[in-house]
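Q:
Protein chains: 4
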Amino acid sequence: MAIVGLGGAVATTAVAGVELMKRGLIEKDGLPLAALDDALVGDLAPYEGIVFGGWDLSGDDLASAASGHGVLDGGRLEAAKPALAAIRPWPAFGNEEFCRKVSGDNVVAVSGNAEAVEEIRKDLRRFEEENDLDSVVLVNLASTERRTDPTLPVFATPEAFEEGIKADDPAVGPAMLYAYAAILEGVPYVNFTPSVGADVPALVKLAEEKGVPVAGKDGKTGQTMLKTALAPALKTRALTVDGWYSANILGNRDGQALDDPDSLASKVETKGSVLDQILGYEVPNHVVRIDYYPPRGDNKEAWDNIDLVGFMGARMQLKVNFLCGDSILAAPLAIELARLSDLAKRRGFGGVQEHLGLFFKAPMTADRATVPEHALHKQEEALLRWLSGGESTNGASKNGSRDASGAETPRGR
Amino acid sequence: MAIVGLGGAVATTAVAGVELMKRGLIEKDGLPLAALDDALVGDLAPYEGIVFGGWDLSGDDLASAASGHGVLDGGRLEAAKPALAAIRPWPAFGNEEFCRKVSGDNVVAVSGNAEAVEEIRKDLRRFEEENDLDSVVLVNLASTERRTDPTLPVFATPEAFEEGIKADDPAVGPAMLYAYAAILEGVPYVNFTPSVGADVPALVKLAEEKGVPVAGKDGKTGQTMLKTALAPALKTRALTVDGWYSANILGNRDGQALDDPDSLASKVETKGSVLDQILGYEVPNHVVRIDYYPPRGDNKEAWDNIDLVGFMGARMQLKVNFLCGDSILAAPLAIELARLSDLAKRRGFGGVQEHLGLFFKAPMTADRATVPEHALHKQEEALLRWLSGGESTNGASKNGSRDASGAETPRGR
Amino acid sequence: MAIVGLGGAVATTAVAGVELMKRGLIEKDGLPLAALDDALVGDLAPYEGIVFGGWDLSGDDLASAASGHGVLDGGRLEAAKPALAAIRPWPAFGNEEFCRKVSGDNVVAVSGNAEAVEEIRKDLRRFEEENDLDSVVLVNLASTERRTDPTLPVFATPEAFEEGIKADDPAVGPAMLYAYAAILEGVPYVNFTPSVGADVPALVKLAEEKGVPVAGKDGKTGQTMLKTALAPALKTRALTVDGWYSANILGNRDGQALDDPDSLASKVETKGSVLDQILGYEVPNHVVRIDYYPPRGDNKEAWDNIDLVGFMGARMQLKVNFLCGDSILAAPLAIELARLSDLAKRRGFGGVQEHLGLFFKAPMTADRATVPEHALHKQEEALLRWLSGGESTNGASKNGSRDASGAETPRGR
Amino acid sequence: MAIVGLGGAVATTAVAGVELMKRGLIEKDGLPLAALDDALVGDLAPYEGIVFGGWDLSGDDLASAASGHGVLDGGRLEAAKPALAAIRPWPAFGNEEFCRKVSGDNVVAVSGNAEAVEEIRKDLRRFEEENDLDSVVLVNLASTERRTDPTLPVFATPEAFEEGIKADDPAVGPAMLYAYAAILEGVPYVNFTPSVGADVPALVKLAEEKGVPVAGKDGKTGQTMLKTALAPALKTRALTVDGWYSANILGNRDGQALDDPDSLASKVETKGSVLDQILGYEVPNHVVRIDYYPPRGDNKEAWDNIDLVGFMGARMQLKVNFLCGDSILAAPLAIELARLSDLAKRRGFGGVQEHLGLFFKAPMTADRATVPEHALHKQEEALLRWLSGGESTNGASKNGSRDASGAETPRGR
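Chains as they are written, first to last, in the UniProt record's numbering: chain A, 1 to 413; chain B, 1 to 413; chain C, 1 to 413; chain D, 1 to 413.
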């Protein structure tokens with residue numbers, strides 16, 4: 001796993017978790033695929049075989065980074081420390097325009113985006129070679145960038161995008177550079193953040209052409225995960241949702257990034273659309289609040305209030321309060337996504353991995369016009385179907401490309 | 001619909017609701033089947049065609065009964081009043097041994113259980129004839145009775161049960177008398193309460209032989225409904241449940257009945273088993289509390305606290321607070337069950353209606369040894385399959401009987 | 001009571017409540033002084049003797065206004081209807097610059113602020129004469145205006161203020177015009193809103209000179225009231241508050257007004273300062289959110305999360321969820337304030353009524369530099385002391401003026 | 001401090017806390033008197049000077065006991081370990097009849113209660129001498145015993161009690177033996193549990209005669225503390241309480257003891273009476289539930305729902321959810337009580353310390369017929385008055401005795 005944001009709370013939690021698994025110190029709680037039948041998941045790479053590398057604007061080794069995040073308790077931090085201390089993030093490519101609240105000094109000096117892409121590709125190759133890896137997956141765990149309009153001409157085709165890179169088009173954010181580099185390199189790309197990443201026609205097309213799996217976006221961990229479990233039940237009982245008020249407090253670097261209104265807008269957007277699709281009507285008063293609240297550190301709390309209309313128009317209320325760990329929920333999902341994307345590559349499924357919608361707040365669809373399924377249980381069924389040998393839902397292309405030629409493009413160099 | 005407990009809050013709400021639908025004064029909120037495609041539900045009896053009758057230990061007409069329950073607001077009560085006032089419950093068969101907190105004076109004097117069964121059958125026939133009905137469904141909405149041991153010899157076979165009736169066996173409670181009478185009369189039987197009702201081998205066998213649909217038990221309305229929506233999501237995310245504490249407060253006649261420890265035990269039991277089946281392991285600390293709390297009247301509140309173990313053993317908490325209306329949630333489910341049981345009869349599905357598990361806390365299974373499915377979305381899928389022409393889940397017998405002869409017993413008289 | 005915002009939810013609730021009290025249809029719940037000993041409160045005007053009039057941008061009679069607010073249930077609305085229908089608000093003076101989300105067509109055309117003040121004074125005189133009243137109190141219940149800087153030169157002295165009125169200084173908002181007119185007219189002034197009202201040195205000085213009681217500001221009804229009850233207890237137990245997150249949802253006209261960021265800022269500000277004064281240190285993470293959420297109408301919900309540090313630095317959480325009625329809580333406080341201000345006038349207490357801090361989120365102090373007491377129980381003790389014959393806390397001037405001459409200025413005309 | 005239940009979670013937390021204070025590793029959070037002016041609290045023994053000893057049915061040293069309770073996190077446990085390991089509880093006197101769920105093998109074999117009392121007195125003397133202490137206070141932190149009827153003749157006078165001890169009267173529980181021994185020994189006695197302890201006329205009389213301070217009972221830590229902060233505010237606003245439902249979950253040894261219905265009854269009783277005294281009327285639906293819930297260990301959670309009636313009879317709800325640490329809240333209160341009782345002894349205040357009601361759910365009064373004050377802020381005011389030199393509220397006798405002679409009985413041996 002080559003991770004953008006390797007020094008972050010989610011990434012260091014993932015690294016520590018795999019290390020503790022290797023050493024038999026933890027169970028498989030929180031890892032969605034761990035308890036499934038070997039018939040379904042036997043082809044996935046084992047958790048214990050994962051090797052970590054990646055970029056971060058902070059150059060601290062992962063032991064000191066993890067110690068600052070406060071996710072791991074004393075005993076676990078101690079046990080994982082040697083493994084964490086051995087990893088130091090590679091210099092990263094940030095852009096203050098896209099993520100104002102987060103900065104650092106572990107930065108690569110490049111002349112422009114084209115050179116940045118080249119450097120990322122080199123990093124990926126070097127990572128694979130130095131560690132003698134079977135395969136690499138790039139996972140974006142960096143802080144949320146501000147919104148970009150994915151319908152701009154520069155995002156319309158691979159060619160336009162390439163021109164945009166060369167011309168240092170200001171609409172192209174850092175997350176896209178990593179996505180682009182990964183796809184060019186034949187490395188599956190997973191976007192666990194609300195940033196645009198690969199979610200523009202140009203990069204989707206390119207991924208299809210090159211047979212590279214891309215998946216995203218924005219990991220569905222806490223509040224939204226619960227929404228997509230509850231909303232189907234409300235529909236089953238024909239309880240009409242007249243309002244859904246969601247407040248969130250969190251105190252980690254991710255929360256700090258959201259203190260910038262532009263990044264926040266990006267986040268709220270990916271949270272907003274799930275209800276209407278599941279319920280089949282436009283929920284009239286759906287409000288989502290996210291507030292940076294330092295006392296919690298990496299723990300976050302979601303408070304949902306749902307106003308319901310039942311039989312004879314009677315009004316009822318449902319309130320949900322989730323006290324959870326941001327990274328504790330996210331890290332195992334990021335690990336599973338890496339394993340699944342790797343398997344998809346090996347099975348020859350390129351392009352958008354629609355059967356991975358289970359893990360995302362705003363699941364990508366191959367065709368932007370398609371509204372993705374958000375109901376958690378239906379997403380799970382889609383994944384299980386794919387694991388048992390079925391097609392990717394909504395037609396993520398088999399054999400790397402949706403066009404007639406269909407020739408899978410090998411990871412090319 | 002012939003209802004046991006016709007003067008109760010759920011029943012009067014159902015009667016008022018149908019009346020208001022007839023008059024176009026309410027929408028179809030809360031009725032799970034109302035929004036489905038006609039292809040699926042077109043054969044069901046229309047809501048507006050339902051006629052209500054039934055028994056109650058109180059002989060008050062339904063207008064004054066409803067006014068006491070406080071479910072309907074002023075305007076709706078006023079609009080439904082003429083229809084409610086026109087209905088007066090038939091004298092009922094109570095048994096203080098089985099339900100200590102509820103009594104009344106609208107009682108039929110009978111020499112014993114055999115005569116009681118005979119009177120119930122007469123009531124059913126008279127109800128059908130006087131109203132020129134196409135069909136009748138008996139729905140038990142009475143207060144919870146104390147537990148009975150369903151493995152007693154008297155419950156083992158139809159023959160033993162018949163002997164028990166004749167001998168006035170003290171293990172036979174009132175709910176069973178109604179169930180027995182309905183089955184003998186060929187009238188589908190729905191048990192919306194935690195009482196045993198038809199859930200003994202003797203009556204299941206008899207229902208199969210006679211091709212009479214029986215369904216139960218204990219309507220899944222509030223807290224348990226949510227449990228069966230949330231638990232699958234927790235399993236999907238591999239979040240291990242280390243404890244689930246459920247407190248309930250409610251202030252209606254139902255709550256008052258549960259002030260008797262024996263009735264309470266019966267209720268708690270049907271609430272308790274859902275988690276283990278869904279999660280696939282025995283939840284170590286599952287506590288269910290129900291308290292009678294008069295300030296709420298027919299409104300009830302459920303408060304759930306779930307202790308979760310996630311990645312690396314980290315602990316998290318999920319809290320759910322549901323402020324709902326007991327009868328508002330229950331009445332539309334009772335109505336749908338009546339429609340579905342009626343359709344099952346017409347389609348030739350007798351015996352236990354396993355595809356109706358969606359509506360029950362403790363779904364009956366044809367074979368007592370079978371553990372029923374509790375996950376809400378899987379129950380819904382089972383119902384939709386049946387509606388679209390499939391078999392009843394787990395094999396509720398088609399054509400009235402599971403034995404080789406298979407001859408459907410027509411509603412016999 | 002001459003009320004600014006007479007057609008609003010709080011005002012119509014107050015009017016209806018007094019009418020129902022007159023007719024013996026309701027108890028005295030929610031009226032803080034109703035149950036006190038006559039020795040303390042015997043001199044207050046009786047609830048049943050209150051006569052209502054006032055201004056509103058909407059000219060609807062109060063029956064139709066109340067019916068739109070949805071505070072009163074069917075029966076109570078019906079009973080109060082004749083009394084409500086008989087009252088129609090006088091044309092009002094609005095200013096879109098100060099309150100963007102609320103407008104109406106019941107507006108008096110005036111050439112400028114000086115004429116507006118004159119018209120308000122005429123309204124007050126006419127109200128008193130036509131109803132043959134013993135006395136009049138002006139209560140501001142209008143929607144929240146945007147913030148104004150009370151340290152501007154125009155607000156420094158009565159003379160500067162008078163010049164500002166003549167020159168139509170844009171810093172002078174509508175709430176100030178009413179306050180100014182009331183003070184000039186010798187009518188006690190109560191500001192139940194977060195608008196500046198009389199809370200500038202110029203008007204405080206004038207009120208002192210003229211011996212007119214002024215009290216404010218922003219009624220302390222729900223969440224803040226609870227904060228000022230809980231924070232002292234946390235201090236008593238030496239539990240350190242590391243964060244206090246407050247979310248509010250409400251759906252009435254008041255909530256709609258707060259959809260304007262400027263009005264919201266004004267509201268949040270009065271909510272913010274209470275904790276630091278009570279606890280004696282600056283609470284590090286105090287966040288207050290208010291969101292307009294239509295499903296609730298006049299009901300509002302407050303959700304507070306408090307992060308505590310206890311013995312040995314251990315962290316704990318306290319969560320408070322208040323489901324309350326905005327107008328139900330506010331109306332009786334407004335009534336009590338009117339009665340208390342009237343009594344203060346009669347007792348010769350002019351200027352800022354510091355002993356009325358119990359009723360306000362941001363209690364005015366005679367000296368702007370004085371930090372007011374916020375702890376609910378201490379505020380209550382101050383009021384009880386005053387009622388039993390003591391001085392007004394912090395020295396609200398007895399006999400109308402704080403300067404040496406001390407001659408009370410009679411209500412002058 | 002000589003503690004009954006020294007190996008328990010509260011006691012080991014107190015010991016660890018004082019040790020960490022000595023070493024400057026923690027602040028004074030949670031210690032109510034720490035931040036007060038020296039003028040008020042300068043005469044109290046310093047926290048850092050406290051020496052701990054005591055009895056427990058388990059003979060484990062406090063380091064291993066603390067490690068089992070899970071109150072201290074890794075770092076704090078490590079730092080306190082040497083001090084904790086050096087303390088081993090003295091053999092204790094249990095009685096399974098009084099506390100069924102808790103047992104142990106660190107038991108002193110005695111022929112009967114008289115010998116037990118003698119042994120306890122010897123323990124107290126030895127503790128003082130071996131450690132060269134200025135004074136000793138006995139604090140009961142043991143698990144809750146079952147209820148005893150304090151109006152039995154054996155509890156009426158010191159003489160009857162002494163006879164009861166000699167005759168091994170079965171109504172005399174272990175907590176009373178410790179209380180009796182302490183009073184005879186002139187050692188102040190603090191009862192932090194709901195057990196009867198010194199709360200019978202015989203022991204109160206004896207304490208007065210001997211000038212020994214006694215204080216109790218049942219530490220007011222979490223839910224009840226909040227009740228006594230909130231109820232006064234509701235009264236201030238004249239919001240009528242129509243119901244108060246309190247659920248508690250906790251998972252420590254204390255919770256386990258409450259799994260015995262007799263101990264639970266004892267606990268619920270001390271929790272129940274606070275509301276009526278504060279509000280001035282009998283709260284109609286006050287329900288208190290306590291459930292043993294192991295997932296939480298020493299953390300406990302209280303969930304309160306309050307049904308309120310406001311203006312015009314409108315109904316509202318207030319919900320409070322407190323996630324707290326049982327021992328974290330209790331330990332500092334036990335420490336303060338020891339310091340205050342010691343000071344009372346030195347100041348010559350014997351008998352019931354009514355000014356310490358601030359710390360108790362069921363404050364003892366010198367006269368059993370007196371209803372104690374429960375409002376938190378009034379209790380605090382009473383303590384502050386006493387600290388600043390006033391009388392003990394409700395007349396706890398000065399100079400050790402309430403009778404005419406007034407001669408203080410020195411700690412007699």
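We treat Cβ as the ideally placed atom computed from N, Cα and C, and that holds for glycine.
(1) Classify Lys378 (chain D) as helix, strand or coil using the three-state DSSP reduction.
(2) Starting from Phe127 (chain A), trace the alpha helix (DSSP H) both ways and give me its first and last residue.
(3) Mind checking if Gly75 (chain D) is an interface residue toward chain A, Cβ cutoff 8 angstroms exclusive?
(4) What does a CB cutoff of less than 6 angstroms around residue 417 (chain D) pick up in its chain, not counting 5 residues either side in sequence?
(5) With respect to the alpha helix (DSSP H) encompassing Tyr178 (chain A), which residues constitute its N-terminal and C-terminal limits?
(6) Quick one: grab the DSSP three-state call for Thr365 (chain C).
(7) Given a limit of 7 angstroms on CB to CB distance, which residues of the stretch 223-255 of chain D reach chain B?
(8) Can you name, in chain order, every residue of its own chain whose Cβ lies under 7 angstroms from the Cβ of Leu318 (chain A), other than the five neighbours on each side?
(9) Shorter than 8 angstroms from the beta carbon of Ala181 (chain D) to some beta carbon of chain C?
(10) Taking buried to mean at least 16 other C-beta atoms within 10 Å of its own C-beta, is Asn191 (chain D) buried or exposed?
(11) Is DSSP giving Ser246 (chain A) helix, strand or coil here?
(12) For the stretch 25-36 of chain D, enumerate the residues whose C-beta is nearer than 9 angstroms to any C-beta of chain C, in chain order.
(13) From which residue to which residue does the beta strand (DSSP E) around Ile335 (chain D) run?
(14) Kindly indicate if chain B contains any beta-carbon less than 8 angstroms away from that of Asp304 (chain D).
(15) For Val164 (chain B), which three-state DSSP category applies?
(16) By DSSP, does Thr240 (chain C) sit in helix, in strand, or in coil?
(17) By the criterion of Cβ-Cβ separation under 8 angstroms, what are the contact partners of Met312 (chain C) in chain D?
(18) Output yes or no for whether 8 angstroms exceeds the beta carbon distance between Asp169 (chain C) and Val154 (chain C).
(19) Determine whether the beta carbon atoms of Ile165 (chain D) and Ala114 (chain D) lie at a separation below 8 angstroms.
(20) Contact criterion: CB-CB distance below 8 angstroms. Does Gln317 (chain D) meet it with respect to chain C?
(21) I'd like the ranges of any alpha helix (DSSP H) spanning at least 4 consecutive residues and lying wholly in the stretch 180-232 of chain D.
(22) State the beta-bridge partners of Asp291 (chain C) as determined by DSSP.
(23) Count the other C-beta atoms from every protein chain shown that fall within 10 angstroms of the C-beta of Thr151 (chain A), then say buried if there are 16 or more, exposed otherwise.
(24) Using 8 angstroms as the Cβ pair cut-off and three pairs as the minimum, do the stretch 172-185 of chain A and the stretch 207-214 of chain A touch?
(25) Exposed or buried, which one is Gly197 (chain D) when buried takes at least 16 other CB atoms within 10 Å?
(26) Can you tell me the Cα-Cα spacing of His374 (chain C) and Leu275 (chain C), whole angstroms?
(27) For Glu301 (chain D), go through chain B and note every residue whose CB falls closer than 8 angstroms to its CB, in chain order.
(28) Would you kindly report the start and end of the unbroken beta strand (DSSP E) that includes Lys300 (chain D)?
(29) Does any C-beta atom of chain A lie closer than 8 angstroms to the C-beta of Leu184 (chain B)?
A: Once the coordinates are examined:
(1) By 1-based counting over the fourth sequence, the position of residue 378 (chain D) is 378. Look at Lys378 (chain D) here: in three-state DSSP terms it is helix.
(2) Mapped onto the first sequence, residue 127 (chain A) falls at position 127. For Phe127 (chain A), the enclosing alpha helix (DSSP H) covers residues Asn113 to Asn131.
(3) Within the fourth sequence, residue 75 (chain D) is the residue found at index 75, counting from 1. Yes, because at least one Cβ of chain A sits closer than 8 angstroms to the Cβ of Gly75 (chain D).
(4) Past the boundaries of the shown model lies residue 417 (chain D); chain D is included only from 1 to 413, so the question cannot be answered.
(5) What you label residue 178 (chain A) is simply residue 178 of the first sequence in a count that begins at 1. DSSP places Tyr178 (chain A) in the uninterrupted alpha helix (DSSP H) bounded by Pro174 to Leu184.
(6) As a working note, residue 365 (chain C) is residue 365 in the third sequence. In the structure shown, Thr365 (chain C) falls within a coil segment according to DSSP collapsed to helix, strand and coil.
(7) Listed by position along the chain: Asp242, Gly243, Tyr245, Ala247 and Ile249.
(8) Within the first sequence, the letter at position 318 stands for residue 318 (chain A). Within the same chain, Leu318 (chain A) has close Cβ partners Ile306 and Leu308.
(9) As a working mapping, residue 181 (chain D) is identified with position 181 in the fourth sequence. Chain C places no beta carbon closer than 8 angstroms to that of Ala181 (chain D), leaving this residue out of the contacts.
(10) As a first step, residue 191 (chain D) must be located in the fourth sequence, where it is residue number 191. Classification of Asn191 (chain D): buried, given that the 10 Å Cβ count is 16 or more.
(11) Here residue 246 (chain A) refers to the residue found at position 246 of the first sequence. Reduced to three states, the DSSP call for Ser246 (chain A) is strand.
(12) Leu25, Ile26, Glu27, Lys28, Asp29, Gly30, Leu31, Pro32, Leu33, Ala34 and Ala35: these are the residues of the stretch 25-36 of chain D whose beta carbon lies less than 9 angstroms from some beta carbon of chain C, given in chain order.
(13) Counting from 1 along the fourth sequence, the entry for residue 335 (chain D) is found at position 335. Annotation: Ile335 (chain D) is outside any beta strand (DSSP E); the continuous alpha helix (DSSP H) that includes it extends over Asp326 to Arg347.
(14) As a working note, residue 304 (chain D) is residue 304 in the fourth sequence. With respect to chain B, the C-beta atom of Asp304 (chain D) has no partner C-beta closer than 8 angstroms.
(15) The residue given as residue 164 (chain B) occupies position 164 in the second sequence. What sits at residue 164 (chain B) in the sequence shown is Gly, not Val. Gly164 (chain B) falls in the helix class under three-state DSSP.
(16) Within the third sequence, the letter at position 240 stands for residue 240 (chain C). Shown here, Thr240 (chain C) sits in a strand according to DSSP, grouped into three states.
(17) As a position in the third sequence, residue 312 (chain C) is number 312, starting the count at 1. Below the 8 angstroms Cβ cutoff, chain D contributes Thr13, Ala16, Gly17, Leu20, Ile26, Asp29, Gly30, Leu72, Arg76 and Ile328 as neighbours of Met312 (chain C), in chain order.
(18) Counted from its first residue, the third sequence places residue 169 (chain C) at position 169. Counted from its first residue, the third sequence places residue 154 (chain C) at position 154. The beta carbons of Asp169 (chain C) and Val154 (chain C) sit closer together than 8 angstroms.
(19) Mapped onto the fourth sequence, residue 165 (chain D) falls at position 165. Mapped onto the fourth sequence, residue 114 (chain D) falls at position 114. For Ile165 (chain D) and Ala114 (chain D), yes; Cβs fall inside 8 angstroms.
(20) Taking the fourth sequence and counting its residues from 1, one reaches residue 317 (chain D) at position 317. Yes - at least one Cβ of chain C is within 8 angstroms of the one on Gln317 (chain D).
(21) Look at the stretch 180-232 of chain D and you find these whole runs of alpha helix (DSSP H), each 4 residues long or longer: 201-210.
(22) Within the third sequence, numbered from 1, the residue matching residue 291 (chain C) stands at position 291. Its beta-bridge partners are C:Ile249.
(23) One-based indexing of the first sequence puts residue 151 (chain A) at position 151. It is exposed - the Cβ of Thr151 (chain A) has fewer than 16 other Cβ atoms within 10 Å.
(24) They touch, by the three-pair rule.
(25) Numbered from its first residue, the fourth sequence carries residue 197 (chain D) at position 197. Its Cβ being crowded by 16 or more others within 10 Å, Gly197 (chain D) is buried.
(26) For the purposes of this step, residue 374 (chain C) is identified with residue 374 of the third sequence, where counting begins at 1. For the purposes of this step, residue 275 (chain C) is identified with residue 275 of the third sequence, where counting begins at 1. So the two alpha carbons sit approximately 8 angstroms from each other.
(27) Translated into the one-based positions of the fourth sequence, residue 301 (chain D) becomes position 301. Asn305, listed in chain order.
(28) As a position in the fourth sequence, residue 300 (chain D) is number 300, starting the count at 1. Note, Lys300 (chain D): beta strand (DSSP E), Asn299 to Val309.
(29) The residue you call residue 184 (chain B) lines up with position 184 of the second sequence. At a cut-off of 8 angstroms between C-beta atoms, Leu184 (chain B) does not count as an interface residue with respect to chain A.
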